[in-house]
Amino acid sequence: MKLELKNLSYTYSGDTTFARQAVDDLSATIREGSITGIIGHTGSGKSTLVQMMNGLLTPSSGEVLLDGVNIFSDKKTLRDARFKVGLVFQYPEYQLFEETVAKDIGYGPKNQKLSPEEIATRTLEAADFVGLDRELLGKSPFDLSGGQKRRVAIAGVMAMRPPILILDEPASGLDPVGREEIFGGLLRYRDQTGATIIIVSHSMEDMARYAEDIMVMSDSRLLLSGSRDEIFKNADLLCSIGLDVPEVTHLVNELRRRGYELPDNLYTVAGAEAALRALKAKLQREGAGKC
Amino acid sequence: MLKDITLGQFFPGNSFLHKLDPRMKLILTLLYIVTIFFANNLITVAILTLAAFLLVPLGRIPMKTVLKSLKPLRWIILFTTVLNLFWVKDGKQLVDFYFIDIYSGGIVYAASMALRVTALLAGTTLLLSYTTSPIALTDGIEQMLSPLKKIKVPVHEFAMMMTIALRFIPTLIEETDKIMSAQKARGADFETGSLLSRAKALIPIFIPLFVSAIRRADDLATAMECRCYHGGAGRTRMNRLHYSLRDLFALLLILLFMAGIIALRWAPLPAFLGI
Ligand SMILES: Nc1ncnc2c1ncn2[C@@H]1O[C@H](COP(=O)(O)OP(=O)(O)OP(=O)(O)O)[C@@H](O)[C@H]1O
Ligand SMILES: [Mg+2]
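Which chain is which? The protein sequence lines are A and B, in order.
Per this note's numbering, the very first residue in the first sequence carries number 1; after that it's consecutive.
Per this note's numbering, the very first residue in the second sequence carries number 1001; after that it's consecutive.
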């Protein structure tokens, strides 16, 4: 499913003295089936933007096109858009309410008016995607740990099987293992369903590892957008708006500056490690040749 | 959206009204209300309304905001005006058109009623809601009621409860908004369906809301205990309230004003203005 944003703007508390423009004339096309990251400093309008993508906020001006149809054109289209574009909020663990984890995950599918059998299969499937133990399904969501609650909340949106899945800071406040598991689940979801995934994040490391395309927001505007390699080449620009490139990229850039021959598209520790090993091997070989 | 509800519409500022002691403002408001009930003719209610609007520059509140806050009154005013116009049969008959009879008394009565309600709302909101922070207000109430501590009324505890409640209203509103959005994203529908299904649709909002409110209360209680809070006994304050010359001046002013209004009750006025 194709998602296009056309000249989107949003102003909070519109015509009062407290008016604040949170998104300003933003246009973009999200590549189908991609994992797109949205980065930007605090208050740059990321959460506002993603809430317009599924019609929770109505833009002050502009359009959100799903397969070419403006989702705000009528009530029914808008409601359908909520199911087609799944949105997981920042700190979603506070939205849990059912008696059991399984029922909570099944809340979205129930609203889609699916049959009980279908709801049950989707619940199991979603729990597997996020790596939630099946034993937990019968427990109360309030008895889970923070990380487990987060997974239940993400599964709750995945269970609706949206062709576009948006997550606002899905991994904030989790430990590295928890982060990896959540992102792993997102990748599995994308690979199995062919969905488009949009991830809002502050973590450059996560973006470098998982995002294929990246949109950079700064002061309510879209500053840059493009593939990961294109974006991370602009280290100086990113730093100038208070963002950063991954730590390891700084290291690689410093090494390059000192004359080591390394490629300029290393953003992950694993990639850098491989490149450094290759370089070391090469230097050793050359060194051996000289002797 | 929910965010648009402004509770305790306090306008931070530094004006004459802002600087008055909250206790004095409570007294002034009380006196002002009493004065409104003393006013018994069109001239005095008009003066009272005018006085209320004189507070607008004194508190440096935008006139637009004040007028907007009076907007909900329009239905009450419309309703009482219609009643008064058609049912009061004092004074001269002005209109006699089939079943519509309008008397001069009806008009006077309707006008003074409208002015009275306006004066009441404008005066109290300007003196209290707009220019007194909710915290200062509870502080004022606590100190005014503190004599009741002698007869074992837990005044401090009530005031603390009120302060906490006021502090958390915006937080709760924000949270409700967030939870509502999250459930809407999962396809919750609050707008259509029968009354029962709409009521049911609120469960996914209330449960998380209560859970987080209770969690917050628990956290707050722990935090307060960690700072050795143990109720009002022996507690001193960082910001003590004290009356100043300004407060005395305001009190004198309103007393004079009251005397004037009361005097006007017996002033020889054209009969048609009486109510
Ligand atoms: N409910 C609201 N009412 C008024 N202004 C708001 C509201 N929500 C956000 N804003 C303002 O809009 C701007 C953009 O907010 P938004 O939440 O979209 O930022 P963000 O990029 O998601 O930030 P963060 O990374 O901190 O989550 C901010 O300046 C914020 O102050
Ligand atoms: Mg945000």
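Heads up, the beta-carbon is just placed ideally off N, CA and C, and yes, glycines get one too.
Predicted, not measured: the structure shown is a model, and the values here were computed from it.
If I'm right that residue i touches residue j with Cβ under 8 Å, what's the distance once you round it to whole angstroms?
i: Ile166/A; j: Val88/A; result: 7 Å
i: Leu266/A; j: Val252/A; result: 5 Å
i: Tyr210/A; j: Phe183/A; result: 5 Å
i: Arg190/A; j: Ile35/A; result: 6 Å
i: Leu5/A; j: Leu26/A; result: 6 Å
i: Val1088/B; j: Gly1105/B; result: 5 Å
i: Pro92/A; j: Ala171/A; result: The pair is not a contact, with the Cβ atoms about 12 Å apart (cut-off 8 Å).
i: Gly40/A; j: Val216/A; result: 6 Å
i: Glu1157/B; j: Gly1231/B; result: 6 Å
i: Ala1114/B; j: Phe1053/B; result: 14 Å between Cβ atoms; not a contact.
i: Leu1209/B; j: Ile1179/B; result: 6 Å
i: Ala81/A; j: Leu137/A; result: That pair is no contact at about 29 Å.
i: Leu243/A; j: Leu262/A; result: So it is not a contact: roughly 22 Å between Cβ atoms.
i: Pro1134/B; j: Phe1037/B; result: Their Cβ separation, rounded to whole angstroms, is 27 Å, which puts Pro1134/B and Phe1037/B out of contact at 8 Å.
i: Thr1049/B; j: Ala1119/B; result: 4 Å
i: Val1108/B; j: Asp1101/B; result: That belief does not hold up - the Cβ atoms of Val1108/B and Asp1101/B are roughly 15 Å apart, past 8 Å.
i: Asp264/A; j: Arg256/A; result: 7 Å
i: Leu1145/B; j: Val1155/B; result: 5 Å
Does the beta-carbon of residue i, which I'm using as the reference point, lie nearer than 7 Å to any heavy atom of ligand 1?
i: Ser47/A; result: yes
i: Gly40/A; result: yes
i: Tyr189/A; result: no
i: Tyr12/A; result: yes
i: Ser9/A; result: no
i: Ala208/A; result: no
i: Tyr22/A; result: Sequence check: residue 22/A is Ala here, not Tyr. True, at least one ligand heavy atom lies under 7 Å from that Cβ.
i: Ser201/A; result: no
i: Ser44/A; result: yes
Verify whether the separation of the beta carbon atoms of residue i and residue j is less than 8 Å.
i: Pro109/A; j: Ala28/A; result: no
i: Ser218/A; j: Ser44/A; result: yes
i: Ile38/A; j: Val200/A; result: yes
i: Leu96/A; j: Pro141/A; result: yes
i: Phe1257/B; j: Ala1039/B; result: no
i: Lys75/A; j: Met1/A; result: no
i: Gln112/A; j: Ser1181/B; result: no
i: Asp168/A; j: Ser47/A; result: yes
i: Ser1212/B; j: Tyr107/A; result: no
i: Gly156/A; j: Ile105/A; result: yes
i: Gly1013/B; j: Thr1131/B; result: yes
i: Gly1066/B; j: Val1056/B; result: Note that residue 1066/B is Val in the sequence shown, not Gly. In this structure, Val1056/B lies closer than 8 Å to Val1066/B by Cβ.
i: Thr1138/B; j: Ala1110/B; result: no
i: Ala272/A; j: Val248/A; result: yes
i: Leu1028/B; j: Ile1173/B; result: no
i: Leu1085/B; j: Leu1058/B; result: no
i: Ala22/A; j: Ser220/A; result: yes
i: Gly178/A; j: Gly147/A; result: yes
i: Gly33/A; j: Gly194/A; result: yes
i: Thr100/A; j: Lys149/A; result: no
i: Ile241/A; j: Ser225/A; result: no
Please indicate yes or no: does the CB of residue i lie closer than 7 Å to some heavy atom of ligand 2?
i: Gln112/A; result: no
i: Gln90/A; result: yes
i: Asp168/A; result: yes
Handout entry: Residues of the stretch 170 to 185 of chain A with Cβ closer than 7 Å to any Cβ of chain B, in chain order
Key = none
Handout entry: Stretch pair the stretch 1237 to 1244 of chain B + the stretch 1194 to 1214 of chain B: three plus CB contacts closer than 8 Å
Key = no
Exercise for the section: Specify whether the stretch 1179 to 1187 of chain B and the stretch 1203 to 1223 of chain B touch according to this definition: at least 3 beta carbon pairs, one from each stretch, less than 8 Å apart. Expected result: yes
Problem - Contact list for the stretch 1158 to 1187 of chain B against chain A, Cβ threshold 8 Å - result: Glu1175, Lys1178, Ile1179, Ser1181, Ala1182, Gln1183, Lys1184, Ala1185, Arg1186 and Gly1187
Exercise for the section: Output, in sequence order along the chain, the residues in the stretch 54 to 85 of chain A whose CB is closer than 7 Å to any CB in chain B. Expected result: Asn54, Leu56, Arg82 and Phe83
Exercise for the section: Would you be able to state if there are at least three C-beta pairs under 8 Å between the stretch 1053 to 1063 of chain B and the stretch 1148 to 1156 of chain B? Expected result: no
Handout entry: Segment contact flag, the stretch 1016 to 1024 of chain B with the stretch 1068 to 1083 of chain B, C-beta cutoff 8 Å, min 3 pairs
Key = no
Exercise for the section: Taking only beta carbons into account, state which residues of the stretch 187 to 217 of chain A come closer than 9 Å to chain B, listed in chain order. Expected result: none
Exercise for the section: Would you list, in chain order, the members of the stretch 245 to 267 of chain A that have their beta-carbon closer than 9 Å to a beta-carbon of chain B? Expected result: none
Exercise for the section: Taking only beta carbons into account, state which residues of the stretch 133 to 146 of chain A come closer than 7 Å to chain B, listed in chain order. Expected result: Phe142
Exercise for the section: Can you give me, in chain order, the residues of the stretch 1026 to 1060 of chain B that have a beta carbon less than 7 Å from any beta carbon in chain A? Expected result: none
Practice task
Give, in chain order, every residue of the stretch 96 to 110 of chain A whose Cβ lies closer than 7 Å to some Cβ of chain B.
Solution key: Leu96, Phe97, Tyr107 and Gly108
Exercise for the section: Output, in sequence order along the chain, the residues in the stretch 112 to 124 of chain A whose CB is closer than 7 Å to any CB in chain B. Expected result: Gln112
Exercise for the section: Scan the stretch 1206 to 1221 of chain B for residues whose Cβ lies nearer than 7 Å to a Cβ of chain A and list them as they occur along the chain. Expected result: Ile1207, Pro1208, Val1211 and Ser1212
Practice task
Give the residues from the stretch 154 to 165 of chain A that approach chain B closer than 8 Å (Cβ to any Cβ), ordered along the chain.
Solution key: Gly156, Val157 and Met160
Problem - Within 7 Å of chain A by C-beta, residues of the stretch 1105 to 1116 of chain B in sequence order - result: none
Problem - Chain-ordered residues of the stretch 1191 to 1204 of chain B with a beta carbon less than 8 Å from chain A - result: Ile1203 and Pro1204
Handout entry: Where the stretch 34 to 52 of chain A meets chain B: residues whose CB sits under 9 Å from a CB there
Key = Gln51
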